[in-house]
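Visitor: Residue numbers for the sequence shown follow numbering that gives the first Met the number 0, so the first one is 0 and each next one is one higher.
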Amino acid sequence: MLNQMSLEALPDPALLHVPAELDASLRARQAWISPKFLYDPLGSKLFEAICELPEYYPTRTEAAIFDLHGGEIARTVGAGCTLIDLGAGNCAKAAGLFPLLRPRQYVPVDISAEFLNDAVARLQQRFREIEMRAVGMDFSGAGWDLPDFVRDERRLFFYPGSSIGNFTPEEAREFLQRVHARCGRDGALLIGIDLAKDRGVLDCAYDDALGVTAAFNLNLLRHVNRLLDADFDIRQWRHRGFYNPQQGRVEMHLEAQRSQLVTWRGGSRRFEAGETIHTENSYKYRPSDAIRLLEEAGFAASRVWTDEREWFAVIHARAVSH
Ligand code: AVJ
């Protein structure tokens with residue numbers, strides 16, 4: 000059966016440590032919650048909604064780059080690759096490239112395996128000639144690896160949407176080094192990176208008029224309530240999203256609206272009015288810094304495509320051995 004669908008949402012050993020990880024980050028002097036917890040099923044849908052907002056330019060700008068330069072990107076990549084989609088979500092971005100890239104195998108990887116399985120099942124119906132195998136995995140930390148069924152010829156790691164911006168530059172380098180180590184002999188990376196720009200644009204993109212980004216951020220507390228049996232009262236928290244020029248990044252926080260005690264399985268903490276939980280960083284790079292970061296991880300940028308305002312870059316980088 001050539002076209003048989005195959006879905007393997009592997010149980011992720013890293014998820015077993017979630018309570019300890021969250022407990023520690025909530026107790027830190029500056030409390031924080033990893034942005035990976037933004038993507039429960041509702042969070043993934045809210046992120047899709049963010050991508051429709053007029054203020055949130057990255058998804059649209061990146062899509063325009065793929066539309067305009069898709070032919071060149073496909074020629075640079077070559078047909079028949081093993082397309083490994085890191086943080087696949089609804090798989091829509093990769094699916095849009097299937098007719099151009101014509102991959103042999105498609106391996107979407109995402110922490111939200113539930114969301115992923117639905118998306119892949121639908122996609123397999125449309126592209127029966129591509130072998131699809133989903134992987135439910137947290138690849139944000141160290142120690143992840145791909146299952147054996149992933150072909151090791153002509154791997155193309157696809158990391159669009161400027162997800163790399165969630166890492167600090169140091170973490171990003173380590174992450175890219177791990178990707179590099181899994182590239183095989185002739186592997187490459189196709190990455191989307193959001194570029195530094197006017198701060199007014201950034202402030203609006205991460206604090207939109209409709210409050211969709213606020214809902215996305217606040218939903219994190221619902222998720223943590225479920226994961227930790229915590230009792231965050233969502234109405235007592237407010238979304239903050241703004242550019243931090245010293246750090247070159249957008250930050251999202253949740254700000255306590257009044258003094259309150261929050262308890263969870265194994266712990267508790269008092270938050271004072273105005274105190275925040277830091278929930279996300281979104282670093283913005285200059286093109287030269289992005290290229291240097293890739294080089295430090297063992298890649299050589301072969302092509303850089305941008306939009307006319309130079310708000311976003313899509314970079315193809317080949318793995319070179321050191
Ligand atoms: C998916 C991490 C690229 O940083 O722009 C959108 C997530 N956060 N709005 C980003 C996000 C707030 C997004 N990334």
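Ideal Cβ positions, reconstructed from N, Cα and C, are used throughout, including at glycine.
Keep in mind that this is a model prediction, so the values were computed, not measured.
1) Flag this pair as yes or no: are the beta carbons of VAL108 and GLY191 separated by less than 8 Å?
2) Ignore the nearest five residues each way along the sequence and tell me which others in ASN218's own chain have a CB closer than 8 Å to its CB.
3) The beta strand (DSSP E) that contains ASN280, what's its start and end?
4) What would DSSP say about PHE126, mapped onto helix, strand or coil?
5) State the Cα-Cα distance for the pair ARG103 and GLU173, rounded to the nearest angstrom.
6) Would a C-beta distance cut-off of 8 Å place ILE129 and PHE97 closer than the cut-off?
7) Buried or exposed: which applies to GLU61, given that a residue is buried once 16 or more other Cβ atoms fall within 10 Å of its Cβ?
8) Using a Cβ-Cβ cut-off of 8 Å (strictly less than) and excluding sequence neighbours within five positions of ALA30, which residues of its own chain qualify?
9) In three-state DSSP terms, what is ASN2?
10) On the DSSP bridge assignment, give the partners of ARG176 in chain order.
11) Less than 8 Å separating the beta-carbons of ARG153 and CYS80?
12) With distances taken between CB atoms, is the gap from PHE157 to ILE64 smaller than 8 Å?
13) Under the three-state reduction of DSSP, which class applies to PRO107: helix, strand or coil?
14) Which of the three DSSP states, helix, strand or coil, is assigned to VAL149?
15) Can you list the beta strand (DSSP E) stretches of 3 or more residues lying completely in the region 218–291, in chain order?
16) SER162 to ASP207, Cα distance in whole Å?
17) Which first and last residues belong to the beta strand (DSSP E) in which HIS315 is found?
18) Going by C-alpha to C-alpha distance, which of GLU307, GLU294, TRP310, LEU52 sits closest to SER320?
19) Quick check on this structure: which residue in GLY88, ASP144, VAL17 has the alpha carbon closest to the alpha carbon of ALA118?
20) Whole beta strand (DSSP E) runs in the region 51–81 with 3 or more residues, listed along the chain?
21) Would you kindly work out how many angstroms separate the C-alpha atoms of MET251 and ARG234, rounded to a whole number?
22) Looking at PRO107 and the ligand AVJ, is the gap between the Cβ and the nearest heavy atom below 7 Å?
23) Residues in its own chain within less than 7 Å of VAL17 by CB, not counting five upstream and five downstream?
24) If I follow the unbroken beta strand (DSSP E) through ILE163, where does it start and stop?
25) Just the Cα atoms here: how many angstroms apart are VAL249 and GLU51?
26) Any idea if GLN123 is buried or exposed, counting beta-carbon neighbours within 10 angstroms, 16 or more meaning buried?
27) Take TYR55 and list the residues in its own chain whose beta-carbon comes closer than 7 Å to its own, dropping the five residues that flank it on each side.
28) With the cut-off set at 8 Å, would you say ASP22 and GLY247 are in Cβ contact?
29) Taking the alpha carbon of ARG317 as the reference point, which residue from ASP288, HIS179, GLU254 has its own alpha carbon closest?
30) Taking 7 Å as the cut-off, is the CB of ASN116 close to at least one heavy atom of the ligand MN?
31) Any heavy atom of the ligand AVJ closer than 7 Å to the beta-carbon of PRO57?
Guide: Reading off the structure:
1) Against the sequence shown, residue 108 aligns to sequence position 109. Against the sequence shown, residue 191 aligns to sequence position 192. In this structure, VAL108 lies away from GLY191, with their beta-carbon atoms at least 8 Å apart.
2) On the sequence shown, position 219 is the one that residue 218 refers to. By the criterion of a C-beta distance shorter than 8 Å, ASN218 is surrounded in its chain by LEU37, ASP39, LEU41, GLY42, LEU45, once the five residues flanking it on both sides are discounted.
3) Mapped onto the sequence shown, residue 280 falls at position 281. Here the beta strand (DSSP E) through ASN280 covers 275–282.
4) Counted from its first residue, the sequence shown places residue 126 at position 127. In this structure, PHE126 counts as coil in the three-state DSSP scheme.
5) On the sequence shown, residue 103 is found 104 positions in, with the first residue counted as 1. On the sequence shown, residue 173 is found 174 positions in, with the first residue counted as 1. Using only the alpha carbons, I get a separation of about 28 Å.
6) Start at 1 with the first residue of the sequence shown, and residue 129 comes out as number 130. Start at 1 with the first residue of the sequence shown, and residue 97 comes out as number 98. Against a cut-off of 8 Å, the Cβ pair of PHE97 and ILE129 comes out as a contact.
7) In the sequence shown, residue 61 corresponds to position 62, counting from 1. In this structure GLU61 is buried. Its beta-carbon is surrounded by 16 or more other beta-carbon atoms within 10 angstroms.
8) Residue mapping note: residue 30 aligns to position 31 of the sequence shown, counting from 1. Counting only Cβ-Cβ distances below 8 Å, and skipping sequence neighbours, we find SER24, ARG268, PHE270, GLU274, THR275, ILE276, HIS277.
9) The residue you call residue 2 lines up with position 3 of the sequence shown. Caution is warranted here: a pLDDT of 37 is assigned to ASN2, below 50, making its placement in the model unreliable, and no coordinate value can be reported.
10) Residue mapping note: residue 176 aligns to position 177 of the sequence shown, counting from 1. Looking at the sequence shown, residue 176 is not Arg but Gln. In the DSSP output, where bridge partners are listed per residue, GLN176 has none listed.
11) Numbered from its first residue, the sequence shown carries residue 153 at position 154. Numbered from its first residue, the sequence shown carries residue 80 at position 81. Yes; because the gap between Cβ atoms is below 8 Å, this pair is in contact.
12) On the sequence shown, residue 157 is found 158 positions in, with the first residue counted as 1. On the sequence shown, residue 64 is found 65 positions in, with the first residue counted as 1. Annotated as distal: PHE157 and ILE64, with beta-carbon spacing of 8 Å or more.
13) Translated into the one-based positions of the sequence shown, residue 107 becomes position 108. In the displayed model, PRO107 falls within a strand according to three-state DSSP.
14) Numbered from 1 along the sequence shown, position 150 holds the residue referred to as residue 149. Here VAL149 sits in coil by DSSP.
15) Considered as a whole, the region 218–291 harbours 236–243, 248–255, 259–263, 266–270, 275–282 as its complete beta strand (DSSP E) runs of no fewer than 3 residues, in chain order.
16) Along the sequence shown, one-based indexing puts residue 162 at 163. Along the sequence shown, one-based indexing puts residue 207 at 208. The alpha-carbon atoms of SER162 and ASP207 are separated by roughly 19 Å.
17) Along the sequence shown, one-based indexing puts residue 315 at 316. From DSSP, the beta strand (DSSP E) with HIS315 extends over 311–318.
18) One-based indexing of the sequence shown puts residue 320 at position 321. It is GLU294.
19) Taking the first residue of the sequence shown as position 1, residue 118 is located at position 119. With distances taken between Cα atoms, ALA118 lies closest to GLY88.
20) Fully enclosed beta strand (DSSP E) runs of 3 or longer: not present.
21) Working through the sequence shown from its first residue, we reach residue 251 at position 252. Working through the sequence shown from its first residue, we reach residue 234 at position 235. In a straight line, the C-alpha of MET251 is about 17 Å away from that of ARG234.
22) Residue numbering aside, residue 107 sits at position 108 when the sequence shown is read from its first letter. No; taking the cut-off as 7 Å, the Cβ of PRO107 has no heavy atom of the ligand AVJ nearer than that.
23) By 1-based counting over the sequence shown, the position of residue 17 is 18. Excluding sequence neighbours, VAL17 sits near LEU226.
24) Walking along the sequence shown from the start, residue 163 turns up at place 164. For ILE163, no beta strand (DSSP E) segment is defined, and its DSSP state is neither H nor E.
25) Along the sequence shown, one-based indexing puts residue 249 at 250. Along the sequence shown, one-based indexing puts residue 51 at 52. Using only the alpha carbons, I get a separation of about 19 Å.
26) The sequence position of residue 123 within the sequence shown is 124, counting from 1. For GLN123, the number of other beta carbons within 10 angstroms of its own is at least 16, and it is reported as buried.
27) Locating residue 55 in the sequence shown gives position 56, counting from the first residue. Cβ neighbours of TYR55 beyond the five flanking positions: ILE49, ALA204, ASP207.
28) Looking up residue 22 in the sequence shown gives position 23. Looking up residue 247 in the sequence shown gives position 248. Going by C-beta atoms, ASP22 is not nearer than 8 Å to GLY247.
29) Numbered from 1 along the sequence shown, position 318 holds the residue referred to as residue 317. Among ASP288, HIS179, GLU254, the Cα nearest to that of ARG317 is on HIS179.
30) Among the ligands in the structure shown, the ligand MN does not appear; only the ligand AVJ can be found there.
31) In the sequence shown, counting from the first residue as 1, residue 57 sits at position 58. Indeed, a heavy atom of the ligand AVJ lies less than 7 Å from the Cβ.
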